[in-house]
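Top to bottom, those sequences are chains D and G. Using this note's numbering, the first residue of the first sequence is number 1, and each one after it goes up by one. Using this note's numbering, the first residue of the second sequence is number 243, and each one after it goes up by one.
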Amino acid sequence: TVGCVAADVHGVICTATSTGGLTNKLPGRIGDTPTVGAGFWAEEGILLNIDEFDSVDSAMFPATESVYGTLAPIVAFLPSVLTDCLPFSTTTKGYQHLTALTEKPTVPATHALALSGTGNGDSFLRVSACRTAGALALPPQALMSMLPKMSLSDKTAVSGITLRAALKAVAGPGGLLQQSAGDRWNRTGEGEGGIIGIERRGKDTDVVFDMNSSGMFRAYIDSSGRTMVGIFRGDDEVVHNP
Amino acid sequence: FEPRIIIHGGAGNITRPNLPPNRQESYKTSLLRILKHGNDLLQNGVSALEAATSTVSLFEDDPLFNCGHGAVFNRAGGIELEASVMVSSGYKKSCAAVSLLRHVKNPILLARNILEHGEQDLEEASAGAQGHVHISGPTAEDLAKAYGLELKPQSYFWTRKRWEEHKRGLQSKLANEKVPSCEEFRGLEGLDDQEPPWDGFEYLPQG
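Written out as structure tokens, the structure is:
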């Protein structure tokens, strides 16, 4: 399987993935690559941590500002929803100032991400790998569809982790994908794989990846603008004359 | 925004013993060539959709990687391709996927066309995807024709490396036969219509 995640000058992030599937798969078998949420995912939501992005120009996100007030009441429910629905607990650091959301925020911003997976596709399907990672990093978006069912009594702070941490939880060693293989881990190929992605929080963009397998062919431009390439775990090297 | 890009060419049990240094260099050379292509597009202001799909199409043309030319074989000795594309364009999620393709040279371009035309051409069923997200098999290949994409015979996707992997994994009577050339492979294209040399369940792991 191959994939590319690209973020353009307009802040849009796109993921593209292509594959021949699993060697000697049964004819007609469909894997994670064309299955929404399993082998790929892209999403944009509202950035709720208003204290971290004082420098962001609100004029850049006019649509965000208009829906911000609508989102304010829902954020109170994120911790319980996340901890109840996810197979592992999340931290609740950050987003500690959400009471301010009852007032019109001065610095709204958007939060976007896109992911592309590779590995044992059936395992990616079983845990809906990319959407699971995305949901960890984009809790507000995850809750938007649940709005009508939510009560507004809980004022607890919002949970949220970076995409880098979310990928570690899903695709890293010991993560959700590996756990899905159970005692078949390291014997049948189940659970093995990796995910690449890009996360944008306001103006900050992070290029991330993680894997639980011994290798993943990869190349990227890191946050310092350096060209990087790697095959095995931890062997990423700077390319001086790309 | 500062453009960014990351690519992968597959993951799994890749170890130094089974990937000697000269092969590692081949992969790195291809990865960097493909990365540069995508990054150059982004730096010139091209959209993320165009950059990502164009970048993946280069992977599909490179026999080193499991997609397009160089894709793996299924149990019956055929090749079935899959691709998808998704864009983070606000709250309206935009994605398209294709699967069970046997003749589309660049499946990622078909996914992109379906994404771009999915809400259009509703009057022409043969040319419009009618907003569907995931289209497979002959219908998807008909759309590829309608969009003017390049089609190839199954033999185009054949590579010796994948064929040998196929035989090793299958451990069938084919495993003891001489590896066919690309020309000879064309004669095997009808294999899907024959009795498969497996019972359909041996692949499934215990449990």
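Think of the CB as a built atom: it goes at the ideal place given N, C-alpha and C, for glycine as much as any other residue. None of these values were measured; they are calculated from a predicted model.
Given residue i as reference, the closest of the options once Cα atoms are compared
i: W405/G; options: S299/G, G252/G, A338/G, N308/G; result: N308/G
i: I161/D; options: Q179/D, A169/D, A137/D, P173/D; result: A137/D
i: I256/G; options: H111/D, A171/D, S214/D; result: S214/D
i: G45/D; options: M216/D, R201/D, G230/D; result: R201/D
i: H240/D; options: F232/D, T227/D, I195/D; result: T227/D
i: G121/D; options: K203/D, F209/D, K25/D; result: K25/D
i: V346/G; options: H374/G, R410/G, A382/G, E358/G; result: A382/G
i: H376/G; options: L323/G, K387/G, A338/G, F399/G; result: A338/G
i: D210/D; options: V170/D, V229/D, I221/D; result: V170/D
i: T118/D; options: V207/D, R218/D, G11/D; result: R218/D
i: R126/D; options: G230/D, G174/D, H111/D, G191/D; result: G191/D
i: P395/G; options: R410/G, L385/G, P380/G, R344/G; result: R344/G
i: A112/D; options: V207/D, N186/D, G182/D, G175/D; result: V207/D
i: R164/D; options: T188/D, S180/D, I196/D; result: I196/D
i: S299/G; options: G287/G, V314/G, E324/G; result: E324/G
i: K403/G; options: V12/D, G3/D, T23/D; result: T23/D
i: E302/G; options: E392/G, E267/G, R258/G, F243/G; result: E392/G
i: P380/G; options: G28/D, V9/D, G20/D, H10/D; result: G28/D
Proximal residues to residue i (C-beta, below 7 Å), its chain only, five neighbours per side dropped
i: T70/D; result: Only weak support is given to the placement of T70/D: the predicted model assigns it a pLDDT of 45, under 50, and the value that follows is read from those uncertain coordinates. For T70/D, where only same-chain residues beyond five positions count, there are no Cβ hits under 7 Å.
i: S378/G; result: V340, S341, L342
i: P263/G; result: none
i: V172/D; result: Note on identity: in this sequence residue 172/D is Gly, with Val being the wrong assignment. Taken in chain order, the residues that qualify are D210, N212.
i: T297/G; result: I249, I276, H279, G280
i: P245/G; result: L284, Q285
Partners in chain G for residue i, counting only beta-carbon separations shorter than 9 Å
i: K203/D; result: F243, E244
i: F209/D; result: I248, H250
i: T227/D; result: L274, L277, K278, N281
Beta-carbon contacts of residue i that lie in its chain and below 6 Å, excluding the five residues immediately before and after
i: W41/D; result: L115, C130, R131, G134
i: A6/D; result: C14
i: N281/G; result: I247
i: A293/G; result: G280, L283, L284
i: A386/G; result: V346, L352
i: R184/D; result: E190
i: F124/D; result: D32, A38, G39, G117
i: S326/G; result: A339, A353
Interface partners of residue i on chain D, CB under 7 Å
i: P349/G; result: S18
i: L385/G; result: Residues of chain D passing the Cβ test: none, with the nearest at roughly 14 Å.
i: S341/G; result: I30, P34
i: Q451/G; result: The question about residue 451/G has no answer here: the residues shown for chain G are numbered 243 through 449.
i: N355/G; result: Result: empty, since nearest Cβ-Cβ is about 13 Å, beyond 7 Å.
i: R402/G; result: Result: empty, since nearest Cβ-Cβ is about 14 Å, beyond 7 Å.
i: T295/G; result: A16
Beta-carbon proximity list for residue i, same chain, < 8 Å, skipping 5 on both sides
i: T205/D; result: A7, I198, E199, S223
i: S128/D; result: G37, A38
i: T450/G; result: No information on residue 450/G is available, as it lies outside the stretch 243 to 449 that chain G covers here.
i: V329/G; result: A290, L291, S336, C337, L357
i: Y398/G; result: H311, K347
i: E237/D; result: M228, V229, G230
Three-way DSSP call (helix, strand, coil) for residue i in this model
i: G194/D; result: strand
i: S336/G; result: strand
i: T297/G; result: helix
i: T271/G; result: helix
i: Y220/D; result: strand
i: D206/D; result: strand
i: F232/D; result: strand
i: C130/D; result: helix
i: I256/G; result: coil
i: R200/D; result: strand
i: S289/G; result: coil
i: G319/G; result: coil
i: G280/G; result: helix
i: S214/D; result: coil
i: V12/D; result: coil
i: V2/D; result: strand
Within chain G, the residues that residue i reaches when beta carbons sit closer than 8 Å
i: R218/D; result: I248, I249, H250, G251, L273
i: G11/D; result: F243
Cross-chain neighbours of residue i in chain G, by beta carbon under 7 Å
i: F40/D; result: S326, M328
i: S116/D; result: H250
i: P173/D; result: Those do not exist, as P173/D stays about 13 Å from chain G at its closest Cβ, beyond 7 Å.
Chain D contact residues for residue i, given Cβ-Cβ distances below 8 Å
i: T257/G; result: S214, G215, F232
i: Y269/G; result: F217, I231
i: E392/G; result: Correct list: empty, because the minimum Cβ distance to chain D is about 15 Å.
i: A313/G; result: T19, G20, G21
i: R317/G; result: N24, K25, L26, P27
i: S289/G; result: D8, H10, V12, C14
i: H345/G; result: Going along chain D, no residue has its Cβ under 8 Å from H345/G, so there is no contact; the nearest lies around 13 Å.
Residue i CB to nearest heavy atom of the ligand NAP below 7 Å
i: R275/G; result: Looking at this structure, you won't find the ligand NAP or any other ligand, since it has none at all.
Is it a yes or a no for the region 10-20 of chain D touching the region 344-356 of chain G, going by three-plus beta-carbon pairs under 8 Å?
-> Result yes; three or more Cβ-Cβ pairs closer than 8 Å.
Could you tell me whether the region 312-328 of chain G touches the region 268-279 of chain G, where touching means 3 or more Cβ pairs closer than 8 Å?
-> By the criterion of at least three beta-carbon pairs nearer than 8 Å, the region 312-328 of chain G is not in contact with the region 268-279 of chain G.
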